[in-house]
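S.K.: Each number in our numbering comes from the position in the sequence shown (counting from 1) with 98 added on. For each residue, glycine too, the CB sits at the ideal point set by N, CA and C.
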Amino acid sequence: MLLSRALSIASEELNEARTQIDHAFRMWELGYISDMELQRALGDILWSIDSLPCRLSGLNPSEEDIYLIKNDILRLHAETIGALSEVIDILDGRLATIAANLENIGWL
Numbered sequence: 099m100l101l102s103r104a105l106s107i108a109s110e111e112l113n114e115a116r117t118q119i120d121h122a123f124r125m126w127e128l129g130y131i132s133d134m135e136l137q138r139a140l141g142d143i144l145w146s147i148d149s150l151p152c153r154l155s156g157l158n159p160s161e162e163d164i165y166l167i168k169n170d171i172l173r174l175h176a177e178t179i180g181a182l183s184e185v186i187d188i189l190d191g192r193l194a195t196i197a198a199n200l201e202n203i204g205w206l
């Protein structure tokens, strides 16, 4: 019972994090949130993912359960970091465009 409870909580938390990541990107792509708000949202999601093992520790899951949960956390962490990399690439492209425009009008 304890095992299924720990896995259920971890699964729900990780699915919620995935949903939050997708939602944050949609809001950003549509222009409803700024670049900084997107970064803050992704940082909050990462914190939530990182704190999951601590929140589950009171349930005393087995070593195997912890291993499975950590693998899910690492996978979601990689997805989130990949998403942050995409944001950085897009921002870098925007900055390059701005710099080129400023250079074209003689400001650089």
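In three-state DSSP terms, what is I207?
M.R.: Any question about residue 207 goes unanswered here, given that the chain covers just 99 to 206.
S.K.: Below 8 Å on the Cβ atoms is my contact criterion, and I expect A181 with F123 to pass it. Report the Cβ-Cβ distance as a whole number of Å.
M.R.: Correct: roughly 7 Å between the Cβ atoms.
S.K.: Check each candidate in I196, N202, E114 and E184 and name the one with the smallest Cα separation from S146.
M.R.: Taking only the C-alpha atoms, the option nearest S146 is E114.
S.K.: Per DSSP, what kind of secondary structure is W205 in: helix, strand or coil?
M.R.: If DSSP states are grouped into helix, strand and coil, W205 belongs with coil.
S.K.: State whether the stretch 184-197 contacts the stretch 119-137, with contact taken as three or more CB pairs (one from each stretch) at a distance under 8 Å.
M.R.: As far as the Cβ criterion goes, the stretch 184-197 touches the stretch 119-137, which means the pair count is three or higher.
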